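A.B. asks: Just dropping this structure here.
There are 2 protein chains.
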Amino acid sequence: MVRRVGDVFKALADSTRRTILDELTDRNGQTLFEICARLATKHGLGSSRQAISQHLDVLEAAGLVETRREGRYKFHYINTGPLEPIIERWLGKPEKDAGDGAGTDDERDRHEDQPGERPR
Amino acid sequence: MVRRVGDVFKALADSTRRTILDELTDRNGQTLFEICARLATKHGLGSSRQAISQHLDVLEAAGLVETRREGRYKFHYINTGPLEPIIERWLGKPEKDAGDGAGTDDERDRHEDQPGERPR
DNA sequence: ACCATAGGCAAGCCGCTACTTGCATGTCAA
DNA sequence: TTGACATGCAAGTAGCGGCTTGCCTATGGT
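Right, here's the structure in full:
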């Protein structure tokens, strides 16, 4: 698994997944059923177990959630690591308006979801 | 326009829009045609003018881009304001694992893109 | 062994979204 | 005014993403 940059943004694009991250921030290391129950009661979400499970898969693929198996339970832990660099991407450099022309040409995204790229 | 929280995440979910933000970070205040040209040359994107225009609409609706008209030109400026609070949402509070049970019940997202909500 | 619990896998449906296509509007220069 | 340039608007299309439905595996208790 290559863990692209865009996966983090895609993962955060869904409000249910953001609420899951809120829930894991409030109480870390929950199981799937725990998350389902607390999403239903505290946040009024009616999502099914499979829906939450798929959301957790997306979050794990993005590196925002790590899991640990123990018997028949699977605990989920939030990982805020991928969150830090994605903001300083646009916040870090000073705002120069129309200064130079030739960019540094560093790759950040590589356009992961671009269809073609056409290597010729 | 209410400017919801989720709009910022939705706007950042697309890699072309992120590249546009990169481009505006590199040179602020570009016109639509400028952005099209530089996306094509520097980043190798073959998006049409209308596609870029629609992306800019999304970014503006999210508050990430502000515009200023001048004659027949429309200049686009990046606005990093909405970016700052969305990360400290999960980075700010300390990670307590399985501490209390009753949450603070503060609303952050309001679940803007939830279909039902069913007010009964 | 039996059953209940916790979770996984896969196919299908449906709505949203990015993109295209075509035309319309507005602005400046000659 | 005429034409070129910069942008806007709207309908239509294709693909992706979130959710459901149904069944399966595995662990633990009795």
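Going down the list, the sequences are from chains V and S. Residue numbering for the first sequence follows this note's numbering, starting at 1 and increasing by one per position. Residue numbering for the second sequence follows this note's numbering, starting at 121 and increasing by one per position. Note that CB positions come from ideal geometry on N, CA and C, so glycine has one too. Here the structure is a predicted model, which is why all the values come from computation and not from measurement.
Identify, in the order they occur along the chain, each residue of the same chain with its Cβ nearer than 7 Å to the Cβ of Lys194(S), setting aside the five sequence neighbours on each side.
C.D. replies: For Lys194(S), where only same-chain residues beyond five positions count, the Cβ hits under 7 Å are Thr151, Leu152 and Thr187.
A.B. asks: Counting only beta-carbon separations shorter than 8 Å, does Ile87(V) have a partner in chain S?
C.D. replies: So, interface residue.
A.B. asks: Please report how far the alpha carbon of Val178(S) lies from the alpha carbon of Gly71(V), in whole angstroms.
C.D. replies: Using only the alpha carbons, I get a separation of about 46 Å.
A.B. asks: Apart from the five residues just before and just after Thr19(V), which ones in its own chain have a Cβ nearer than 6 Å to its Cβ?
C.D. replies: If we look at Thr19(V) and ignore the five residues flanking it on each side, its Cβ neighbours are His43.
A.B. asks: Just the Cα atoms here: how many angstroms apart are Asp97(V) and Thr25(V)?
C.D. replies: The predicted position of Asp97(V) is uncertain, since its pLDDT is 47 and thus under 50; a value taken from the coordinates is nonetheless stated next. Their Cα atoms are separated by approximately 38 Å.
A.B. asks: How many whole angstroms separate the CB atoms of Leu64(V) and Pro82(V), which I take to be in contact at a CB cut-off of 8 Å?
C.D. replies: Confirmed, Cβ separation roughly 6 Å.
A.B. asks: Using CA atoms only, rank isn't needed, just tell me which of Asn79(V), Arg4(V) and Ala13(V) is closest to Val128(S).
C.D. replies: Of the candidates Asn79(V), Arg4(V) and Ala13(V), the one whose C-alpha sits nearest the C-alpha of Val128(S) is Ala13(V).
A.B. asks: Quick one: give me the first and last residue of the beta strand (DSSP E) that Thr187(S) is part of.
C.D. replies: Segment Val185 to Glu190, the beta strand (DSSP E) holding Thr187(S).
A.B. asks: Residues of chain V with a CB under 8 Å from the CB of Leu211(S): which are they?
C.D. replies: What Leu211(S) touches in chain V: Thr80, Leu83 and Glu84.
A.B. asks: Considering only the beta carbon of each residue, do Ser167(S) and Thr136(S) sit closer than 8 Å?
C.D. replies: Closer than 8 Å, so yes.
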